[in-house]
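J.: Sharing a structure, written as structure tokens. Questions coming.
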Amino acid sequence: MLSEKEIQCLAERASVFAGRNLHIHIIANPVAGGFTIPKRVLAHRAAIEAALEAVADRASVVKSCDSRIHYTTAAGHAGAIAAGIIGQAERDTDPDALYCMITAGGDGTSFDVQSEYARAVLENGHWNLVGKICFIRLPFGTGNDGSDGRTMQESLSLLVEDSAFILQSAVKVTTSGTSPVSWYSFNIASIGLDAFVTHMTNKLKHRFPGDSYKLWLDIACLFYERVYKVEPIKISLSASDGSPVASIDSKLLLFLMGVSGGRTYGSNQKILPDERNVCGMKEMSLGKKLFLKKHVKAGTHTVFPEALLYTADRAEINYSGRILVQLDGESHELDQTCFPLVMERTEPFITILRKPVPKVSDV
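If you're matching positions, the sequence shown starts at 41 in the working numbering and goes up one per residue.
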């Protein structure tokens with residue numbers, strides 16, 4: 041299992057936290073793949089031990105540090121835990137206090153924790169939390185949540201090596217209708233085929249051990265258009281200042297918007313391989329789907345005419361049929377009453393850690 045004391049040992053020696061009164065809260069789902077799949081457990085253990093060895097001779101740089109691990113016991117529990125931590129941070133008057141929320145669970149754990157924070161800041165106006173709370177998202181799920189590193193070694197390097205705070209946006213997705221609903225994505229929000237993949241993943245991974253569900257997932261995806269008929273879709277893309285970017289009127293297998301470009305989801309699918317944060321894939325034959333699959337994995341699909349890529353801050357989507365939407369691995373079914381559906385990037389508000397970008401003179 042994950043040890044809060046080992047994580048504390050790394051964090052209190054991380055230069056990014058120097059001079060802070062650090063409060064570490066690890067929110068962990070003990071049934072996530074990172075805790076239950078033996079191969080991943082061993083890899084995580086090795087990464088933690090290597091990180092501890094790397095900082096063994098370093099002194100603590102924080103003013104003080106405490107840590108606690110919270111294990112989730114039910115769906116939605118991570119959000120409730122996060123709400124309590126957010127409330128504690130809100131009441132804390134110490135100017136040097138920093139609450140570091142570390143998620144170690146499936147995609148749903150990370151999604152629930154960050155959604156609670158998004159509502160506190162964006163909907164309830166508690167912008168003072170931006171300087172009080174930071175996030176580290178460990179890779180314990182299926183990879184849809186935009187974890188801070190594809191591997192535990194990569195994630196822990198943010199504590200072992202030099203890193204800096206940056207602010208990240210989210211994608212807000214809002215339905216229409218008499219009772220509109222809003223969700224947030226902290227990696228990639230999408231509708232269509234890949235939302236169906238997410239939906240089937242969530243069903244199958246509970247029925248098949250380890251990663252064996254992925255074979256059945258590939259088979260299920262071949263039948264997507266028998267379950268959800270692909271209808272024409274109209275999408276208006278615009279920039280943050282409202283200026284138009286593009287209009288789409290076509291049959292699409294999928295459409296997605298990322299918090300930024302350069303993002304992956306699922307098993308490291310490089311769906312947004314460059315600086316562009318919007319992608320649509322036109323309807324195509326089964327043979328073309330199978331052909332393009334390896335290109336999506338490698339991020340080389342952008343050269344094919346079926347792939348539509350843009351940079352945009354807002355998408356207004358009109359659709360007349362049933363379709364699935366997914367947000368960081370959480371799926372919901374939509375019908376025509378939910379449209380127009382709006383996807384839009386928020387202003388930056390999530391404090392995370394990133395390694396400094398090398399200067400040209402350093403390369």
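Quick reminder that beta carbons are idealized off the backbone N, C-alpha and C, glycines included.
As the structure is a computational prediction, the values presented were derived from the model and not from experiment.
Let's see if you can read the secondary structure: which residues bound the beta strand (DSSP E) around F27?
T.: Because the chain is modelled from 41 through 403, residue 27 falls outside the range shown and cannot be assessed.
J.: If you draw a straight line from the C-alpha of L196 to the C-alpha of A91, how long is it?
T.: A91 has its alpha-carbon roughly 7 angstroms from the corresponding atom of L196.
J.: Can you round the beta-carbon distance between I66 and H110 to whole angstroms, since I take them to be within the 8 angstroms contact cut?
T.: 7 angstroms
J.: Figure out for me which residue from C105, A122, S300 and I259 has the closest Cα to the Cα of D136.
T.: C105
J.: Is it the case that the Cβ atoms of N227 and D368 are separated by a distance below 8 angstroms?
T.: yes
J.: Just the C-alpha distance for K322 and E346, rounded to the nearest angstrom, thanks.
T.: Approximately 5 angstroms between the Cα atoms of the pair.
J.: To the nearest whole angstrom, what separates the beta carbons of S203 and L393, a pair I think is in contact under 8 angstroms?
T.: 4 angstroms
J.: Span of the alpha helix (DSSP H) holding R131?
T.: Segment H117 to R131, the alpha helix (DSSP H) holding R131.
J.: Give me, in chain order, the residues of the same chain whose beta-carbon lies closer than 7 angstroms to that of A210; leave out the 5 immediate sequence neighbours on both sides.
T.: So the qualifying residues of the chain are A158, Y224, S225, F226, V299, T386 and I390.
J.: Starting from the C-beta of D234, find all residues in its chain whose C-beta is less than 6 angstroms away, skip the five residues before and the five after it, and write them out in chain order.
T.: Excluding residues up to 5 positions away in sequence, L294 lie with their Cβ nearer than 6 angstroms to the Cβ of D234 in the same chain.
J.: So is V382 in contact with chain B if we call contact Cβ pairs under 8 angstroms?
T.: Any reference to chain B falls outside this structure, which holds one protein chain only.
J.: Candidates D134, G282 and K274: which alpha carbon is nearest I288's?
T.: K274
J.: Starting from the N-terminal side, write out each stretch of the beta strand (DSSP E) that is 3 residues or longer and does not extend beyond the region 327 to 359.
T.: 347 to 350 and 354 to 359
J.: For D147, count neighbouring Cβ atoms within 10 angstroms of its own Cβ and tell me buried if that reaches 16, exposed if not.
T.: buried
J.: Let me confirm a value: V400 is counted as buried when at least 16 other C-beta atoms fall within 10 Å, else exposed. Which label applies?
T.: Its pLDDT being 47, under 50, V400 is placed unreliably by the model, and the measurement read from it follows with that caveat. With fewer than 16 Cβ atoms within 10 Å of its Cβ, V400 is classed as exposed.
J.: Per DSSP, L50 forms a beta bridge with which residues?
T.: Note: L50 sits in no beta bridge, so no partner.
J.: What first and last residue would you give for the alpha helix (DSSP H) that runs through Y157?
T.: D147 to A158
J.: Are L162 and E130 closer than 8 angstroms when you measure CB to CB?
T.: no
J.: So is S371 buried or exposed if we call it buried at 16+ other beta carbons inside 10 Å?
T.: buried
J.: Among N358, V101, G74 and T112, which has the Cα closest to the Cα of T215?
T.: N358
J.: Output needed for V81: all residues of its chain with C-beta closer than 8 angstroms, excluding positions within five of it in sequence on either side, in chain order.
T.: G74 and F75
J.: Mind checking whether L62 and L138 have CB atoms under 8 angstroms apart?
T.: yes
J.: Could you give the residue range of the alpha helix (DSSP H) that holds E89?
T.: P78 to A94
J.: What are the start and end residues of the alpha helix (DSSP H) that includes H239?
T.: Segment L233 to L244, the alpha helix (DSSP H) holding H239.
J.: Going by other Cβ atoms of all chains shown within 10 Å of its Cβ, with 16 needed for buried, is S280 buried or exposed?
T.: exposed
J.: Is DSSP giving T112 helix, strand or coil here?
T.: coil
J.: Can the beta-carbon of L292 be found closer than 8 angstroms to that of G302?
T.: Not in contact: L292 and G302 (Cβ atoms no closer than 8 angstroms).
J.: Could you tell me how far apart the beta carbons of R60 and K103 are, in whole angstroms, since I believe they sit closer than 8 angstroms?
T.: 6 angstroms
J.: Which residues in the same chain have their Cβ closer than 7 angstroms to the Cβ of A286, if we skip the five residues on either side of it in sequence?
T.: L277 and Y350
J.: Counting along the chain, where does the beta strand (DSSP E) carrying Q366 start and finish?
T.: I363 to L367
J.: Compare the beta carbon distance of L178 and I126 with 8 angstroms and say whether it is the shorter of the two.
T.: no
J.: Could you tell me whether any non-hydrogen atom of the ligand HEM is closer than 7 angstroms to the CB of A279?
T.: Among the components of this structure there are no ligands whatsoever, and the ligand HEM is therefore not found.
J.: For the beta strand (DSSP E) containing M324, list its first residue and its last residue.
T.: M324 -> no beta strand (DSSP E), and no H or E assigned at all.
J.: By Cβ distance below 6 angstroms, which residues in the same chain neighbour S155 in space, the five residues on each side in sequence not counted?
T.: Y224
J.: State the DSSP-derived secondary structure class of N308, mapped to helix, strand or coil.
T.: Residue state, collapsed to three classes: coil.
J.: Taking the straight line between their C-alpha atoms, what separation do you get for K337 and D132?
T.: 45 angstroms
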